[in-house]
Amino acid sequence: MGYSGARGGLEAILAAEDLVRRARDHAPAPWAPNEQITARFRLAVDRVMGEAGLYHADTSAAALRQAEGDPLEAAHLVRAHRSTLPRLAVSEPIDPDEMVVLRRIVPAFREPDGPQLLGRTTDYTGRLLEQPAGPPPRRSHTPATPPERTETQRRPGRFLDLLRKLDLVVDHRRVDDPEPFDITRKPARPPAERSAALASMARAETGALVALWYRSILGPDGDIHEVTLGEVRHGRLPLRVRHPHTGNPVRVGEFRATEAEAIEDLDGADEDRSRFDVGYGLCFGHNERKAIAMANLDVANRRFGRTGPLEQLLLLTTDGLDSAGFLEHLKLPHYVTFRSMVERKQAMRAAAEAGPRVAEPAGQECR
Amino acid sequence: MTEVSREERCGLLAEAEPDELRALADQCLADGADVRVLVGPEIGFVTAQVREPVAAERFLLGDVLASRAEVELAGHRGWAMRLGDDRASALAAAVLDAEVEAARPHAADVAELCARVARRRQEREAAEWAELAPTVVEFEELT
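Residue numbers (UniProt numbering), protein chains in the order written: chain E, 1 to 367; chain U, 1 to 143.
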C-alpha cells in the first residue's frame with residue numbers, strides 16, 4: 001500500500017493480485033504467445049508501442065497480455081519497463097522522405113507524385129461483423145509478380161513539396177537547428193517549443209488526441225476549420241546511429257511509422273490568405289487516427305496554441321499515463337481526505353448554529 | 001561479393017538471423033582466439049530523432065529497443081548494435097565484426113553472410129511489393 005493516507009491490507013492486496021494472475025494466466029483457453037498477439041492484434045500492439053514511447057512489438061505484446069488487453073495499462077507497463085533501460089544512443093536525424101511506403105494516400109489530390117497505394121486497409125468496405133466458428137479455410141494465394149518497384153513507388157514525392165512548387169504554402173523552414181525537447185527527461189509545460197508538442201502528441205493516448213482534435217472542430221474553440229489531408233502514409237523508416245569507431249552513420253534497423261500532413265486554410269487577418277499552412281503528424285506503428293489528429297493539431301497549435309487553451313490542453317491533458325494515473329488513484333483509500341471534508345461541513349454547520357457566519361474555507365480539491 | 005564498408009557490414013549483421021550469427025561466431029572462436037568483452041552485451045534503447053518536413057525541425061519521436069556489444073578479438077575491436085532485446089545475437093555480431101577487422105580466417109564467411117542478408121532483404125521487398133502492387137488505385141473524379 002503506497003498511499004500515505006492509509007496503510008495495511010497487505011494480505012488482501014496480495015490475494016487480489018493472485019486472483020488476477022490465476023484468472024488471467026490459467027484461463028480455460030490456450031495460452032496466447034507474443035507472436036499470436038502481434039500477428040492478430042497488430043493495431044493494438046502498435047498503439048501500445050506509440051503510447052508507451054518504446055518501439056518493440058514483443059514487449060508490447062507481453063504487456064497487452066499482462067494487462068488483459070487494456071492498452072493504457074499495457075502502455076503503463078511498457079513505459080515503466082523503459083524507465084529501467086539505458087539510452088544507448090540518439091539516432092541520426094531521420095528524414096521521413098526515406099519512408100518505404102506500405103500504404104500511401106493523398107486525399108487532397110487525385111494524381112500526386114507517385115502512386116496512391118491503399119495497402120492493408122478496410123477503409124472502403126462496409127463494417128460487417130464476422131463470427132466464424134473457427135479459422136476460415138485457407139485460400140491459395142500466389143500474387144502475380146509485378147514489374148520491379150520503382151524508386152517513386154517506394155518513396156513517393158511528398159504532397160507538401162508539390163504545394164511548395166506551386167507556391168501555395170507558407171514557408172516555415174527554419175535556418176537554425178534547435179536541440180529537440182526531451183519529454184522523457186523534463187515535463188513539457190507551456191509555452192513550449194514545437195518539438196515538445198510534437199513529441200507529446202507522438203506519445204499521447206490516441207483517444208485523448210482524437211477527442212482534442214474533435215473538440216477543436218466542433219467544440220467552443222474552433223481551432224480547426226478546414227480539414228483536408230495531404231499525405232497519409234504507413235511505412236518503414238531506417239534507424240541510424242553513429243558508429244563509435246568510424247563516426248559514420250550505421251543503419252541498425254528499421255521501424256514502422258504512420259505519417260500525416262494536414263492542410264489548413266489560412267483566414268486570419270494577420271495571415272497570408274493566399275496560401276495554405278501544413279501541419280505534421282508522425283507516430284510509431286500503424287495508427288492513422290493518431291497521426292491525422294496530430295497533424296491537424298500541429299497546425300492548430302501553431303495558429304492558436306498561445307491565444308487559447310490548445311497548447312495547455314495538448315501538453316497537459318493528452319498523456320494517457322498522466323490522465324489515467326490521476327483518475328485511477330481516486331480508487332485508493334481517501335479516508336483522511338473525505339473525513340476532513342466532512343469535518344469542514346460539520347464545522348460550518350456548527351458555526352452557523354452558533355451565531356455569526358464564518359468565511360468559506362479555502363481549497364476544496366480532492367487530491 | 002563486392003566488399004562492403006564497415007558501416008554496411010554492421011547494418012547487415014544487425015538484420016541477420018540469430019541462429020546464423022551464433023553459429024558463425026562459434027566457428028570464429030573455435031580456434032581459441034583471445035577474445036574480451038568490452039561493452040555489454042546490454043539492452044537499452046535508441047531515441048528516434050526525426051527532422052520533420054514542414055519546418056525542418058528536429059523532434060524526438062520515441063525510443064526503439066536495441067541491444068549492443070563490443071568485443072576485442074585478436075587485438076581488434078568489433079562492435080554491434082541490433083534492434084530488439086537479443087543480447088546473445090548482438091554479442092555474436094560484434095565477434096563477426098571483429099573477425100573481419102582482424103582479417104581472420106572466417107572473414108570471408110562473414111562477408112558471405114552479409115551478402116545473404118542483403119539478398120534476403122531484396123527478396124523480402126520484392127515479395128512485399130507483389131502483395132502491395134494490386135492495391136495501387138486511381139479513383140475517378142466526379143465532374
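For glycine and all other residues, C-beta sits at the position ideal for the given N, C-alpha and C.
A quick note: this is a predicted structure, and the numbers were derived from the prediction, not measured.
Neighbour-count burial assignment, Ala-29 of chain E, 16 or more Cβ in a 10 Å radius: exposed
State the beta-bridge partners of Phe-255 of chain E as determined by DSSP. Answer is E:Leu-237.
Name, in chain order, the residues that DSSP records as bridge partners for Arg-103 of chain E. Per DSSP, E:His-234.
Quick one: which chain E residues come within Cβ less than 8 Å of Glu-112 of chain U? Result: empty, since nearest Cβ-Cβ is about 20 Å, beyond 8 Å.
Please report the straight-line C-alpha distance between Lys-331 of chain E and Glu-51 of chain E, rounded to a whole angstrom. Each residue's Cα considered, the two are about 23 Å apart.
Taking the alpha carbon of Ala-197 of chain E as the point to measure from, which residue in E:Val-227, E:Leu-315, E:Gly-355, E:Phe-109 has its own alpha carbon closest? E:Leu-315
Can you give the beta carbon distance from Val-278 of chain E to Glu-261 of chain E, rounded, assuming they're within the 8 Å contact cut? 6 Å
Give the straight-line distance between the Cα atoms of Val-95 of chain U and Thr-59 of chain E, rounded to the nearest whole angstrom. For the pair Val-95 of chain U and Thr-59 of chain E, the Cα-to-Cα distance works out to about 27 Å.
Buried versus exposed, by CB contacts within 10 Å (16 or more), Tyr-214 of chain E: Within a 10 Å sphere around the beta-carbon of Tyr-214 of chain E sit fewer than 16 other beta-carbons, which makes this residue exposed.
Any C-beta of chain U within less than 8 Å: which residues of the segment 269-284 of chain E qualify? Val-278, Gly-279, Tyr-280, Leu-282, Cys-283, Phe-284
Cα-Cα, which of E:Gly-119, E:Gly-134, E:Gly-325, E:Pro-136 is closest to Val-137 of chain U? E:Gly-119
Amino acids of chain U, ordered along the chain, whose beta-carbon sits closer than 7 Å to that of Ala-202 of chain E: Leu-61, Gly-62
Pull up the distance between the alpha-carbon of Pro-136 of chain E and that of Leu-128 of chain E, whole angstroms please. Their Cα atoms are separated by approximately 16 Å.
What residues in the segment 29-62 of chain U have a beta carbon less than 8 Å from any beta carbon of chain E? Glu-42, Ile-43, Gly-44, Phe-45, Val-46, Thr-47, Ala-48, Gln-49, Val-50, Arg-51, Glu-52, Pro-53, Val-54, Ala-55, Ala-56, Glu-57, Arg-58, Phe-59, Leu-60, Leu-61, Gly-62
Measure the C-alpha to C-alpha separation of Ser-105 of chain E and Pro-146 of chain E and round it to an integer number of angstroms. In the sequence on display, residue 105 of chain E carries Ile and not Ser. Whole-angstrom Cα-Cα distance: 20 Å.
Please state the DSSP three-state secondary structure of Ala-126 of chain U. helix
Look up Trp-31 of chain E in the DSSP assignment and say whether it is helix, strand or coil. coil
Determine, using beta carbons only, whether Val-95 of chain U comes closer than 8 Å to chain E. no
Out of U:Glu-125, U:Leu-13, U:Glu-131, state which residue places its alpha-carbon closest to the alpha-carbon of Glu-151 of chain E. Nearest to Glu-151 of chain E by alpha-carbon distance, out of U:Glu-125, U:Leu-13, U:Glu-131, is U:Glu-125.
Cβ separation of Thr-47 of chain U and Val-90 of chain E, assumed to be a contact under 8 Å, to the nearest whole Å: 5 Å
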